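Step one of this worksheet: look at the structure below.
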Amino acid sequence: MSKNKVLLLDGNSLAYRAFFALPLLTNDSGIHTNAVYGFTMMLQKILDEEKPTHMLVAFDAGKTTFRHTTFGEYKGGRQKTPPELSEQFPYLRKLLTAYQIPQYELEMYEADDIIGTLSKLAEKEGNEVVIVSGDKDLTQLSSDTTTVYITRKGMTDIEKYTPAHIQEKYGLTPIQIIDMKGLMGDASDNIPGVPGVGEKTAIKLLLEHHSVDGVYEGISSLKGKLKEKLEANEEQAKMSKILATIETQAPITVGLDNLAYSGPNMEEVIKIWQELAFKTLLEKTTYTQEEVTKTEINFKQLTEITSEHLSEEMAVHLELYDEQYHSADMLGIALVDDKNAYFIKVEDAFSSTTFRSWLMDETKKKQLVDSKAALAAFHRKDILLDGVEFDFVLAAYIVNPGITSDDVAVLAREFGYNDVLTNEQVYGKGVKKSVPADEVLGEHIVRKAMAVWKLRTVMDDKLKENEQYELYQELELPLATILGKMESDGVKVDRQTLVDIGEDLAGKLTEIEQTIYHAAGENFNINSPKQLGVILFEKLGLPPLKKTKTGYSTAADVLEKLEGKHEVISHILLYRQLGKLQSTYIEGLLKEIHKTDGKIHTRYQQALTQTGRLSSTNPNLQNIPVRLEEGRKIRKAFVPSQPDWILFVADYSQIELRVLAHMSDDEQLIDAFRNDLDIHTKTAMDVFHVEADEVTSDMRRAAKAVNFGIVYGISDYGLSQNLSITRKEAAEFIERYLKSFPGVKVYMDEIVREAKQQGFVTTILNRRRYLPDITSSNFNIRGFAERTAMNTPIQGSAADIIKKAMIDMADRLEKENLQAKMLLQVHDELIFEAPPEEIPILEKIVPEVMENAIGLKVPLKVDYAFGPTWYDTK
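The sequence shown begins at 674 in my numbering and counts up one residue at a time.
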């Protein structure tokens, strides 16, 4: 009989390690995901490598354990768990359930004790055991058959503790790890140990005396201050050893029989990966869902299209091989109505004058999967699609913005229609992806068009029932056409300017590199955290603020806190920023410039964010950094498409804070905006109780952080990170803010109450965001939903306003018969190009249209500028 391999994971420790090892990440719903992502990466690696037969994830059951009866201050120094981490534990547990991994916790005991008890039980039965944690305390469990894996930086970097490794590293046996902790203590668990005794001293004592008891039995052989410290803290040292000892006989109610592991339910795992937007993991997976049972359909392949095949209204679907519809291969076209279903090869479709005319006839109504993608793709064939009546992706998005997929099959199933396969089921994935035979392909494309045709009425009824038909019909549907045109037109980018900026950056990087070497006194690899750590914290003697398993942390947040303590820090931070500009933005944008027209054709994701905000991809033009002058210079490469034309940029000023004033009805905020006061200075005056001339730059910066923090549902932890202050100070600041603006506090309370009653919140134009967790009994899940309820109507209404402005602007440009074109939308900016003679007209009509897009209780304010490049408009 082959022995089993038992894998035991320390859930709390690994989640904490992942949270602090990775930057704060969120998915499109605003859920923080860094802890779950880091944990998942580690889990995938361990499962792939170890292939366990049995496994369990142990969690702490609560704050109080049996150790508190020994020492009431045990773990007393720990800060409250940040809400950004707390909200992730339910998702972590949900993920483990999808992986079909048993989870266990035991009242009054820690995860360590559950793991200790199970590991000894498994050892006794002759099994191999692997323990995974971020906490070195568990290394005491190492044995000939048990290996303890301790995660290091990045979560997938693991140090394996066997008895031989512990001997080599410390000169100790695993059981002596407990004695080492007894002597040196453990600040993270508030285990006191002997003050003044560190790791090196503890190891030296144990090599000579073997244990804590042995140290005290032989204390007469010691001298000086060390002897005094040990004598003064004998009881504390022995108590600390007890606290550090993992219980291996906890009264657990699970045995190895409960831990058998047969693998994950990948369908459920993938759903969670999709919900949390783990794109890298989704791209790597080779899992394919089983085929669904389908109703048989009859369709006809057309080689010639006549007017008899085309009716007054049809579902039309152009199938593209990938999501980049500006360049994707076109695979075929389907046409469906109540009586007919046709498949047409692209060459047959586009060679038909009849079909081309029908597509461009606004009186012939078309129902589409994704009208913007279709419009842009048809535009490549010189076809200006018109008569769009229905957009399935947009309708589904408005009805339920929580659906993250744009696959027709996935969307259709959400609304009860199961007669279409997913793209992955038809084409495969990764290296196995391929286009099937015409018959299979034709059926797949026809089924998509059929889903759209059959769900049209269902979707319209749902939109009307939710009072969202106007939002769909008058905002999102016409906006799709405008965005499709903007994407197809593209924005001109001067390649040589980008190359020149890149060369300038390369020169500056070389200069800064030499400056850093000079300040450090030697050459080293600046991009190596290990080498940089040695230079900063050993050679230059800077205080190490955070350590990782591989050495000193040189993360940006650590370096920012050290700025001013040595000249080299600011140079290193600048070096990193310029390096990212070079690799991500210069090189990234150069790749996206179209070879024939010299333009960038970004794709606006209209049905992605739960707030209604637009995002862009390939490339993401909303993320070009502008804080650094070198980042701003990248905008010099964005130029008008015609000689002597000018770029005109209009930007909403503090739109979200104005929406907050409108929604909260707070008198202070409303008065400030009506009187055109600087809102951050006004906030600083009210919160710090000072006059305008007494507001310092630090006060205004803090006020600005909390102003925008309120809009985005910031916590005391988030604000403390932004301002480099303690969480206590941040909490007090937020409290003072809410006292200064009582209307905001009332709004927050009322919107949460409304969300609990209705299950959703709405924007000014009735965009909904559903919050099923708003009444959850789990504090963390409910807390996140409450913060989402507070900020979604603000962010979503700001999105509504700029979308409405875009539609109104497109109408106004046409009405004025202007040559000017709307090129880009970036956050709260609209960017136009126009001939010089039209600039005075734009100066008048753009602010007028944007400021009157939607009426609020406070005025909307638009700033504008123009120049020969995007850079020159700021």
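Yeah, the Cβ is synthetic: ideal placement off N, Cα and C, and Gly gets one too.
These numbers were taken from a predicted model, which means no experiment stands behind them.
Exercise. Which term fits R1331, buried or exposed, when burial requires 16 or more other beta carbons within 10 angstroms of its beta carbon?
Worked result: buried
Problem set entry | Rounded distance between the beta-carbons of I851 and G858, thought under 8 Å | Between I851 and G858 the Cβ distance is about 12 Å, and since that is not below 8 Å, they are no contact.
For this session: Give a yes or no on contact between the stretch 1486-1502 and the stretch 1345-1356, applying the rule of three or more CB pairs nearer than 8 Å.
Result: no
Problem set entry | Ranges of the beta strand (DSSP E) found wholly within the stretch 938-1014, counting only runs of at least 3 | 973-975, 986-993 and 1003-1009
Problem set entry | S1388, buried or exposed, once every other Cβ within 10 Å from all chains shown has been counted against 16 | buried
Exercise. Quick one: what's got a C-beta closer than 8 Å to T961's C-beta in the same chain, skipping five residues either side?
Worked result: For T961, the predicted model reports a pLDDT of 49, less than 50, meaning its position is unreliable; a value from the coordinates is still stated below. Once the five neighbours on either side are set aside, the close Cβ partners of T961 are E1097, Q1098, G1101 and K1102.
Exercise. Looking at C-beta atoms only, is the number of pairs between the stretch 800-813 and the stretch 879-887 that lie closer than 8 Å three or more?
Worked result: no
Problem set entry | Extent of the continuous beta strand (DSSP E) run through M728 | H727 to A731
For this session: Answer yes or no: do A708 and F732 have a C-beta to C-beta separation smaller than 8 Å?
Result: no
Exercise. I945 to L768, Cα distance in whole Å?
Worked result: 7 Å
For this session: Use the C-beta contact count for Y689: other C-beta atoms within 10 angstroms, 16 or more gives buried, fewer gives exposed.
Result: buried
For this session: State the start and end residues of the unbroken alpha helix (DSSP H) segment that holds R1400.
Result: R1400 to S1413
Exercise. Of all the options I719, L765, D683 and S759, which has the alpha carbon lying nearest to the alpha carbon of Y710?
Worked result: L765
For this session: Please state whether DSSP places F1016 in a helix, a strand or coil.
Result: strand
Exercise. Does the distance from the CB of L1205 to the CB of T1227 come in under 8 Å?
Worked result: yes
Problem set entry | At least three beta-carbon pairs within less than 8 Å, the stretch 1108-1124 to the stretch 1048-1062 | no
Exercise. Mind checking T968: buried by the 16 CB within 10 Å criterion, or exposed?
Worked result: exposed
Exercise. Any idea if S1201 is buried or exposed, counting beta-carbon neighbours within 10 angstroms, 16 or more meaning buried?
Worked result: exposed
For this session: Measure the alpha-carbon distance for Y644 versus L1213 and round it to whole angstroms.
Result: In this structure the chain extends from 674 to 1547, so residue 644 is not present and cannot be described.
Exercise. Alpha carbon to alpha carbon, what distance is there between M728 and L681?
Worked result: 6 Å
Problem set entry | Cβ neighbour criterion (16 or more within 10 Å) applied to Q849 | buried
For this session: Rounded to whole angstroms, what's the CA-CA distance from E1233 to L695? Just pull it up for me.
Result: 17 Å
Exercise. In its own chain, which residues sit with a C-beta less than 6 Å from the C-beta of V989, not counting the 5 before and 5 after it?
Worked result: L1008 and K1039
Exercise. Tell me which same chain residues have a C-beta within less than 7 Å of the C-beta of A1047, skipping the five on either side of it?
Worked result: L991, L1041 and L1058
Exercise. Is S1559 near Y1420, with beta carbons less than 8 Å apart?
Worked result: Coverage of the chain is limited to positions 674 through 1547, which leaves residue 1559 absent and any answer about it impossible.
Exercise. For G1456, does the three-state DSSP call read helix, strand or coil?
Worked result: helix
For this session: Return yes when the Cβ of L1320 is within less than 8 Å of the Cβ of E1506, no when it is not.
Result: yes
For this session: Have a look at E986 and K1037 and give me their C-alpha separation to the nearest angstrom.
Result: 6 Å
Exercise. With distances taken from CA atoms, which of L1438, G684, Q974 and T738 is nearest F712?
Worked result: G684
Exercise. With 16 other CB atoms within 10 Å as the buried threshold, where does Q1000 fall?
Worked result: Residue identity differs from the one stated: residue 1000 is Ser in this sequence, not Gln. When all chains shown are included, S1000 counts as exposed.
Problem set entry | Three-state class that DSSP yields for T874 in the structure shown | helix
Exercise. Under a Cβ-count criterion, where at least 16 other Cβ atoms within 10 Å of its own Cβ denotes burial, should E1195 be classed as buried or exposed?
Worked result: exposed
Exercise. Around the C-beta of E964, are 16 or more other C-beta atoms found within 10 angstroms, so that it is buried, or is it exposed?
Worked result: Annotation note: pLDDT 43 at E964 (below 50); position unreliable, coordinate value reported separately. The residue is exposed, with fewer than 16 neighbouring Cβ atoms inside 10 Å.
Exercise. Leaving out five residues before and five after A1378 in sequence, what residues of the same chain have Cβ atoms less than 7 Å from its Cβ?
Worked result: L1392, N1395 and L1396
For this session: If I'm right that G928 touches L794 with Cβ under 8 Å, what's the distance once you round it to whole angstroms?
Result: 7 Å
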